[in-house]
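Engineer:
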Amino acid sequence: MAQETEKISAGLITGLSLTIVYDNHSYQQGLASGWGFSCLITGPEKTILFDTGPDGSLPGNMEKMAIDMSGIDAVVLSHIHPDHTGGLESFLEKNPDVTVYMPKSFPERFKDKVQAQGAQVREVGQPTEICDNVRSTGQAGKEIKEQSLVIRTDKGLVVIIGCAHPGIANIVKAVKNVMKDDILLVISCFHLEWASKGKIEQIISTFKQSGVQYVGLCHGSSDKARSLFKEYYGPNYIKIGAGKVISLADLQ
Ligand SMILES: [Zn+2]
Ligand SMILES: [Zn+2]
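Structural data, given as structure tokens:
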């Protein structure tokens with residue numbers, strides 16, 4: 021019996037689905053889109069909302085996508101910028117029965133407000149397990165502290181990143197070093213608006229060296245970055261937009 025329990029907890033995630041709820045591109049008609057990011061993660065033991073977009077349009081998008089907000093157990097906020105946290109208040113109005121994981125460095129008044137809405141606050145400093153096979157990298161970066169999410173699946177690691185303020189290449193390298201596993205997919209807002217072609221190619225080469233197999237670029241990733249990644253990743257470049265659903269089953 022004990023052996024069986026062990027086997028289950030050591031088991032990797034085999035079914036995973038990532039739904040882009042908010043982005044500056046839209047994949048499905050009728051959804052609000054704009055500068056910001058939000059992604060729903062289903063499949064692990066907990067259903068997790070990663071970032072909340074910029075404003076109160078988040079619940080509306082979820083309703084249009086038939087997402088059951090009451091089924092969400094945890095919210096992970098990558099960093100304090102309003103394009104990632106602005107929709108939290110309107111989400112908590114719909115479902116306050118969640119734990120909100122946020123970098124420890126968030127202002128006290130932010131934490132107080134979340135608690136006042138009835139949600140639990142979990143401050144993240146060091147790497148933190150959210151549930152089986154899902155962990156936060158812990159807060160990283162100098163000026164703007166940011167946490168990223170790593171999901172261990174039977175096909176490799178899935179990494180979900182907010183604005184990538186600590187540097188996208190640094191985050192990917194750190195995940196690879198700490199987790200010692202191949203990276204299947206990186207979804208991130210690359211924030212490479214002003215980056216040169218050379219700089220973007222350097223990042224692509226770090227990705228390739230870290231064994232990243234699939235990429236999805238969200239808001240704040242310039243057209244230049246998108247087209248370069250597309251060139252290097254070919255069919256493994258995933259077009260992101262509000263309404264897009266990525267299933268582990270579709271990734272080889
Ligand atoms: Zn940001
Ligand atoms: Zn952002």
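Here the sequence shown stands for residues 21 to 272, where the numbers follow our numbering. Backbone N, C-alpha and C define an ideal beta-carbon position, used for all residues, glycine too. Since the structure is predicted, the reported quantities are computational estimates derived from the model, not experimental observations.
1) Quick one: does the C-beta of cysteine 183 sit closer than 6 Å to a heavy atom of ligand 2?
2) Is it the case that the Cβ atoms of arginine 172 and asparagine 197 are separated by a distance below 7 Å?
3) Just to confirm before moving on: does the CB-CB distance between isoleucine 33 and lysine 264 stay below 7 Å?
4) Going by alpha carbons, who is nearest to lysine 165 out of Gln49, Leu237, Pro102 and Lys124?
5) With 16 as the cutoff for other CB atoms within 10 Å, does asparagine 115 come out buried or exposed?
6) Rounded to whole angstroms, what's the CA-CA distance from lysine 84 to leucine 69? Just pull it up for me.
7) For glycine 107, is the beta carbon positioned less than 6 Å from some heavy atom of ligand 2?
8) Using C-beta distances below 8 Å, list every residue in its chain close to alanine 194, excluding the 5 sequence neighbours before and after it, in chain order.
9) Spatial neighbours of serine 29 within its chain, please: C-beta separation below 8 Å, excluding the five flanking residues on both sides.
10) What three-state label does DSSP hand valine 195 in the structure shown?
11) With DSSP as the reference, identify every bridge partner of phenylalanine 111, one or two as the case may be.
12) So what does DSSP say about glycine 4, is it helix, strand or coil?
13) Tell me, which residues are paired with threonine 148 by DSSP?
14) Glycine 73 lies in the beta strand (DSSP E); which residues open and close that run?
15) Tell me the rounded alpha-carbon separation between glutamine 222 and alanine 189.
16) Going straight from the alpha carbon of glutamate 143 to that of lysine 259, what length do you get?
17) Using a Cβ distance threshold of 8 Å, determine whether the region 118-132 contacts the region 173-188, with at least three qualifying pairs required.
18) Can we count histidine 239 as close to ligand 1, meaning its CB is less than 6 Å from some heavy atom?
19) Measure the Cβ-Cβ separation of serine 230 and isoleucine 266 and say whether it is below 7 Å.
20) Please return the same chain residues whose Cβ sits closer than 6 Å to the Cβ of glycine 236, not counting the five positions on each side in sequence.
21) What do you reckon, is the C-beta of cysteine 209 under 6 Å from a heavy atom of ligand 2?
22) Go through its chain and collect everything with a Cβ distance to glutamine 140's Cβ below 6 Å, but skip five positions before and after it.
23) Taking the continuous beta strand (DSSP E) assigned at valine 134, which residues delimit it?
24) Would you give the residue range spanned by the beta strand (DSSP E) that tyrosine 42 belongs to?
25) Return the first residue and the last residue of the alpha helix (DSSP H) that alanine 245 is part of.
Structural biologist: Result, derived from the coordinates:
1) yes
2) no
3) no
4) Lys124
5) buried
6) 16 Å
7) no
8) Thr157 and Ala160
9) With a pLDDT of only 41 at serine 29, under 50, the local geometry of the prediction cannot be trusted, and the value read off the model is given with reservation. Cβ neighbours of serine 29 beyond the five flanking positions: Asp152.
10) helix
11) None, per the DSSP bridge assignment.
12) Within the shown structure, residues of the chain are numbered from 21 to 272, placing residue 4 beyond reach of any answer.
13) Ser156
14) Segment: none, glycine 73 is in no beta strand (DSSP E) and carries neither H nor E.
15) 9 Å
16) 32 Å
17) no
18) no
19) no
20) Ile207, Ile258 and Ile260
21) yes
22) Thr119
23) From DSSP, valine 134 is part of no beta strand (DSSP E) but of the alpha helix (DSSP H) over 128-136.
24) 37-42
25) 243-253
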